[in-house]
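Protein chains in written order, with the numbering used here: chain A, 382 to 680; chain B, 19 to 230. Idealized CB from N, CA, C, for every residue including glycine. This structure is a prediction, so every number in the text was calculated from the model and none was measured. Shown next, in structure tokens, is the structure this report addresses.
Here it is as structure tokens:
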């Protein structure tokens, strides 16, 4: 609708203040990317222990450590993004329960506690307790993965970020990055069947994510003028067009292609290349999707 | 009591007196604004006209900023004002992102969120907000929306049908109204922001909070 108004009125802002630039910068991209890996590897360990227990039994300790490290990276970058980082404790004392940030902080902290405990149990080789705690950690990993989608959905007028699609994208990002990281980390510890399972998860999550992005790219502008205006930044000569398509190719299209090639040629190297591309590409995709709604003038 | 604001755009002449009064009263730092007046030129020369739109916090009944703030730094006062506690704010900028009106900024001096509070400190002393006092044409009308005898209630009654809010479709129920507004003045996507075409400068964006 705005496009028609622009054409009809030829309205131009002739005097106004400079608008704020990017509010949530690349630090938030790293935050989301690291969280995807941190929760994703837990999902993968849970799946592998049920489907390929012999192959995955030696992955308990390294997975707990990787998840612990990446969740700490996520929390560190969250903290670094605050303009008043030394007041972080206010979240736990003055919590506002309608805020996805407050709820997410509690869940992420509990998740980190469970990961620490898992690491301890794996170190002590108490695998029975480890597997019991892993179940609860995996269940908690779901809302920890999803709460950022809730946060984005609470950003009224950033219409590109819709809760149903963002929650699906967050979950798919966790599955994609978790399986990719597990392929790289598993190495020779994983059997061929286990690698196949991970490759299928990686390929399917890449496919689903790509379908959702393309659906939004094509059909989103038909629904809301904010979405149309936002997607202009990744269409044609838009500011983020190149980065958007680079991300789509690296995170989704090339990994899908390489997974098919690796299965056909039984090449582990090609599978690893797919995993690396998916991890790097995911960061680019997340960054573009975080930035473009922030370019839109709100007033 | 439910305090609200109404701006009669027929009367506003874009003098920016309200903008300056707000800056002075609230010691708003350089590069940030609680209230600003936007000029939009409409039409093609020689058939052109200039519109002026004062923009400030809408003090929504269903405020996204209040909902997203993790520490309740943004909170409602009994008189309906959406106030901010800068001592509690952690500077997550969630409110800046959530506000559909771009009314919240990060104060570069305190590194906390800040916005128009309808001059809550003045209202508490039974004074009018600074922008209301400064307006030479009484385009800013402030008062109790629940009191049918208040100026703002009477103005809304007289101008029924011509009273608008910004982005009503967002469901925020703003307590800030406009008379004489249109799509060009109230919808930011209905006018172009052409780089280098501002009257006094070509700076289009500023870093949030003075860094990043």
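Residue i: contacting residues in chain B (beta-carbon distance under 8 Å)
i: residue 610(A); result: 207
i: residue 405(A); result: 111 and 115
i: residue 534(A); result: Near residue 534(A) there are no residues of chain B at all, since even the closest Cβ is about 10 Å away, more than 8 Å.
i: residue 463(A); result: 108, 109 and 110
i: residue 678(A); result: 120, 206, 207 and 211
Within chain B, partners of residue i - CB distance below 7 Å
i: residue 539(A); result: 115
i: residue 468(A); result: 108
i: residue 673(A); result: Going along chain B, no residue has its Cβ under 7 Å from residue 673(A), so there is no contact; the nearest lies around 13 Å.
i: residue 471(A); result: 89, 106 and 108
i: residue 483(A); result: 88
Partners in chain B for residue i, counting only beta-carbon separations shorter than 9 Å
i: residue 412(A); result: Chain B residues near residue 412(A): none, gap ~11 Å exceeds 9 Å.
i: residue 530(A); result: The contacting residues do not exist; residue 530(A) stays about 14 Å from chain B at best.
Within chain A, the residues that residue i reaches when beta carbons sit closer than 8 Å
i: residue 53(B); result: Here the premise fails: no neighbours, minimum Cβ distance about 10 Å.
i: residue 67(B); result: Result: empty, since nearest Cβ-Cβ is about 10 Å, beyond 8 Å.
i: residue 157(B); result: Neighbours of residue 157(B) on chain A: none; closest Cβ ~17 Å, over 8 Å.
In DSSP terms, what residue i is bridged to
i: residue 244(B); result: The structure shown does not extend to residue 244(B), since chain B is modelled only from 19 through 230, so no value can be given for it.
i: residue 182(B); result: 196(B)
i: residue 398(A); result: For residue 398(A), which the question treats as bridged, DSSP gives no partner whatsoever.
i: residue 56(B); result: 71(B)
i: residue 61(B); result: 66(B)
i: residue 231(B); result: This structure gives no information on residue 231(B), because the portion of chain B shown stretches from 19 to 230.
i: residue 210(B); result: 393(A)
i: residue 162(B); result: 21(B)
i: residue 224(B); result: 401(A)
Cβ-based burial, residue i [other Cβ within 10 Å; buried from 16]
i: residue 542(A); result: buried
i: residue 473(A); result: exposed
i: residue 134(B); result: buried
i: residue 537(A); result: buried
i: residue 467(A); result: exposed
i: residue 477(A); result: buried
i: residue 594(A); result: buried
i: residue 157(B); result: buried
i: residue 350(A); result: Residue coverage of chain A in this structure runs from 382 to 680, which leaves residue 350(A) outside it and unanswerable.
i: residue 555(A); result: buried
i: residue 679(A); result: buried
i: residue 412(A); result: buried
i: residue 650(A); result: exposed
i: residue 646(A); result: exposed
i: residue 48(B); result: exposed
Chain-ordered neighbours of residue i on chain A, where CB pairs are closer than 7 Å
i: residue 90(B); result: 475 and 477
i: residue 224(B); result: 399, 401 and 402
i: residue 129(B); result: 464 and 465
i: residue 136(B); result: None at all; the shortest Cβ gap to chain A is about 17 Å.
Partners in chain A for residue i, counting only beta-carbon separations shorter than 9 Å
i: residue 98(B); result: What residue 98(B) touches in chain A: nothing, since even the nearest Cβ is about 18 Å away.
i: residue 210(B); result: 387, 391, 392, 393 and 394
i: residue 57(B); result: 394, 395, 396 and 397
i: residue 235(B); result: No answer is possible for residue 235(B): it lies beyond the span of chain B, which begins at 19 and ends at 230.
i: residue 133(B); result: Simply none; closest approach about 12 Å.
i: residue 61(B); result: 390, 391 and 392
Practice problem: Kindly confirm or deny that the segment 39 to 49 of chain B and the segment 626 to 642 of chain A touch, where touching means at least three C-beta pairs closer than 8 Å. | Solution: They do not touch, by the three-pair rule.
Quiz item: Can you list, in chain order, the stretches of the alpha helix (DSSP H) that have 4 or more residues and sit fully within the segment 443 to 505 of chain A?
Solution: Here the runs fully enclosed are 471 to 474 and 481 to 504.
Quiz item: In chain order, which continuous runs of the beta strand (DSSP E) of length 3 or greater are located wholly inside the segment 68 to 115 of chain B?
Solution: 92 to 94 and 100 to 102, all fully within the segment 68 to 115 of chain B.
Quiz prompt | Contact the segment 56 to 68 of chain B vs the segment 142 to 155 of chain B: 3+ CB pairs below 8 Å | solution = In short, these stretches do not touch, since the Cβ pair count stays below three.
Quiz item: Does the segment 497 to 504 of chain A come within contact of the segment 442 to 462 of chain A, defined as at least 3 CB pairs closer than 8 Å?
Solution: Per the Cβ contact rule, the segment 497 to 504 of chain A is in contact with the segment 442 to 462 of chain A (3 or more Cβ pairs under 8 Å).
Quiz item: Just checking, does the segment 540 to 558 of chain A make contact with the segment 411 to 426 of chain A on the three C-beta pairs under 8 Å criterion?
Solution: As far as the Cβ criterion goes, the segment 540 to 558 of chain A touches the segment 411 to 426 of chain A, which means the pair count is three or higher.
Quiz item: Does the pairing of the segment 513 to 525 of chain A with the segment 393 to 402 of chain A give three or more beta-carbon distances under 8 Å?
Solution: Verdict: no, contact absent.
Exercise. Determine, using beta-carbon pairs with one atom in the segment 425 to 437 of chain A and one in the segment 27 to 43 of chain B, whether at least three such pairs fall under 8 Å.
Key: No, the segment 425 to 437 of chain A does not touch the segment 27 to 43 of chain B.
Quiz item: Per the contact definition of three or more C-beta pairs closer than 8 Å, is the segment 455 to 465 of chain A in contact with the segment 560 to 567 of chain A?
Solution: Between the segment 560 to 567 of chain A and the segment 455 to 465 of chain A there are fewer than three C-beta pairs closer than 8 Å, too few to call the two in contact.
Practice problem: Let me know the alpha helix (DSSP H) ranges lying completely inside the segment 568 to 625 of chain A, each 4 residues or longer, listed in chain order. | Solution: Note on the segment 568 to 625 of chain A: whole alpha helix (DSSP H) runs with a minimum of 4 residues are 573 to 600 and 606 to 612, in chain order.
Quiz item: How do the segment 75 to 83 of chain B and the segment 108 to 123 of chain B stand: do at least 3 beta-carbon pairs fall below 8 Å, yes or no?
Solution: Counting C-beta pairs closer than 8 Å gives three or more between the segment 75 to 83 of chain B and the segment 108 to 123 of chain B, which meets the contact rule.
Quiz item: Are three or more beta carbon pairs between the segment 481 to 493 of chain A and the segment 521 to 532 of chain A nearer than 8 Å?
Solution: In short, these stretches touch, since the Cβ pair count reaches three.
Quiz item: Does the segment 162 to 182 of chain B touch the segment 654 to 672 of chain A, meaning 3 or more C-beta pairs lie closer than 8 Å?
Solution: Too few Cβ pairs lie closer than 8 Å, so no.
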